[in-house]
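A.B. asks:
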Amino acid sequence: MWKKTAMFWLAAGLVLGACGSTAEEAGTSSTEQTANANDAQTTDNATENGESQTTQDPNSQAEETDSANSGENTDSKAEKDATAENEETSAEKADDSSEDSAAASEEIAIEYHMNANYDIVPNEGTDVPKKVVLLTFDDGPKEADMINSLIDTLDKHDAKAIFFVNGYRVKANPDLLKLIHDRGGIIGNHSYDHIILKKESDAEIKKQMEDTQAIVEETIGEAPHFFRPPNGAGNDYTRVVAAENNMLHMNWSVGSLDWVNQNDSQAVIDNVFDQLHSGSNILMHELPWTVEALDDLLTQLEAKGYSFVDPRAIDTTKQP
Ligand SMILES: [Zn+2]
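Sequence positions in the sequence shown follow the working numbering and run 2 to 321.
1. Reducing DSSP to helix, strand and coil, say where Val310 ends up.
2. On a Cα-Cα basis, can you pick out the residue from His182, Pro142 and His250 that is closest to Gly222?
3. Is Asp139 near ligand 1, going by C-beta to nearest heavy atom under 7 Å?
4. Would you say Pro231 touches ligand 1, meaning its beta carbon is less than 7 Å from a heavy atom?
5. Please work out which residues of its chain come closer than 6 Å, Cβ to Cβ, to Ser279, disregarding the five sequence neighbours upstream and downstream, and give them in chain order.
6. Smallest Cα separation from Asp271: which of Ala204, Leu295, Asp120 and Leu249?
7. Cutting at 8 Å between CB atoms, please list the residues of its own chain near Thr317, excluding the five before and the five after it.
8. Using DSSP bridges, identify the partner residues of Asn190.
9. Taking the runs of the alpha helix (DSSP H) that are 4 residues or longer, which of them lie wholly in the region 238–284?
10. Threshold first: 3 residues or longer. Then list the beta strand (DSSP E) segments lying entirely within the region 113–170, N to C.
11. Would you mind sorting Lys161 into buried or exposed? The rule is 16 or more other CB atoms within 10 Å of its CB.
12. Flag His250 as yes when its Cβ comes closer than 7 Å to any non-hydrogen atom of ligand 1, and as no otherwise.
13. Specify, as a first and last residue, the run of the alpha helix (DSSP H) that Asp212 falls within.
14. Out of Glu112, Lys319 and Lys143, point me to the one whose CA is closest to Ala244's CA.
15. Within its chain, find whatever has a CB closer than 6 Å to the CB of Trp253; leave out the 5 residues flanking it on each side and keep chain order.
16. Given a cut-off of 8 Å, decide if Ile315 and His114 are closer than it, judged by their beta-carbon atoms.
17. Heavy atom of ligand 1 less than 7 Å from the Cβ of His114, yes or no?
18. Is Ile181 helix, strand or coil when you go by DSSP?
What follows is the structure in structure tokens.
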């Protein structure tokens, strides 16, 4: 029964995956034309740091290269996971999920909030490190190998991260979302189709955001508490819908530029260090060179005295 369902999702995913990338390309090119129009976002840190500079969607280049195979190479994996899942739900004893159950029972105090620059800062009256960074990975879930490697590295450094996912990718690969969740990744909402939301009608914006909430909740049993609009291109209404759905609406304050400097893991590290400051909200993507860079990046951040804020310690009700 699970197997059958998984096969259905995979088939649906292949179709949707194709549609998704078309939508994305269309969205990207039209953003370029309107990037500097009366848009509050252009004054954001986010656009200064990254995306509009290159007039390039942070994901489009990268996604084009891997969206094609993201549906197929997980085929056998999906079935395997699906079988494992039945046992896990009752006992939650599988190797990877033992950590998850430990994390679930762990009480995480809310000691940080996000400021208007998208930096993560200590709440007043708390005695927690100010010199922290928030790690985020956008545009997945794509491939089990990349996800496992990212989380192996995070585990090695005792770090947690937000994985901002697209609904269409979750639909294509629900097992990959479960993998992130079971291994302790925090899931964020990055819209369904990775389109430029501020150009869409309110009804479409709501659908993009809430359909993603729904599919994530269906898949892992809980809906995200973080929202990041594709390209940092949100508007007043994305903020309203985020609040209605109990999500903290964020862009980022440090762009790794991993969508620009492709195949260059050293550049990912250099770009972060060029912009690094206390509370840095670091934008990265599920991309091979970022996967490769992560261990060195985290080691060097620690060497400079930074620690990694647990996303669950951030007050998601406090919208700046
Ligand atoms: Zn994105």
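Positions of the beta carbon are idealized from the N, C-alpha and C atoms, including for glycine.
C.D. replies: Answer, in terms of the structure:
1. In the sequence shown, the residue the question calls residue 310 occupies position 309. In the structure shown, Val310 sits in coil (DSSP, three-state: anything other than H, G, I, E or B).
2. For the purposes of this step, residue 222 is identified with residue 221 of the sequence shown, where counting begins at 1. Measuring from the Cα of Gly222, the nearest candidate turns out to be His182.
3. Here residue 139 is taken as the residue at index 138 of the sequence shown, counted from 1. Within the cutoff, so yes.
4. Reading the sequence shown from its first residue, position 230 is the one you call residue 231. Because some heavy atom of ligand 1 lies under 7 Å away, the Cβ of Pro231 counts as near it: yes.
5. Along the sequence shown, read from residue 1 onward, the residue named residue 279 stands at position 278. Excluding residues within five positions, the ones whose Cβ falls inside 6 Å are Lys131 and Lys132.
6. Taking the first residue of the sequence shown as 1, we reach residue 271 at position 270. For Asp271, the nearest C-alpha among the options comes from Leu295.
7. For the purposes of this step, residue 317 is identified with residue 316 of the sequence shown, where counting begins at 1. Here the set comprises His226, Phe227, Asn247, Met248 and Leu249.
8. By one-based count along the sequence shown, residue 190 stands at place 189. Asn190 is bridged to Val166 and Phe228.
9. 266–276
10. 113–115, 121–123, 133–141 and 162–166
11. For this step, residue 161 is matched to residue 160 along the sequence shown. Per the 10 Å Cβ criterion, buried.
12. Sequence index remark: in the sequence shown, residue 250 carries index 249 (1-based). No; taking the cut-off as 7 Å, the Cβ of His250 has no heavy atom of ligand 1 nearer than that.
13. Numbered from its first residue, the sequence shown carries residue 212 at position 211. Note, Asp212: alpha helix (DSSP H), Asp203 to Ile221.
14. As a position in the sequence shown, residue 244 is number 243, starting the count at 1. For Ala244, the nearest C-alpha among the options comes from Lys319.
15. Translated into positions along the sequence shown, residue 253 becomes position 252. Same-chain partners within the cutoff: Ala47, Tyr119, Asn282 and Leu284.
16. Numbered from 1 along the sequence shown, position 113 holds the residue referred to as residue 114. Numbered from 1 along the sequence shown, position 314 holds the residue referred to as residue 315. Against a cut-off of 8 Å, the Cβ pair of Ile315 and His114 comes out as a contact.
17. Here residue 114 is taken as the residue at index 113 of the sequence shown, counted from 1. No, the beta carbon of His114 sits no closer than 7 Å to any heavy atom of ligand 1.
18. For the purposes of this step, residue 181 is taken as residue 180 along the sequence shown, with counting starting at 1. Here Ile181 sits in helix by DSSP.
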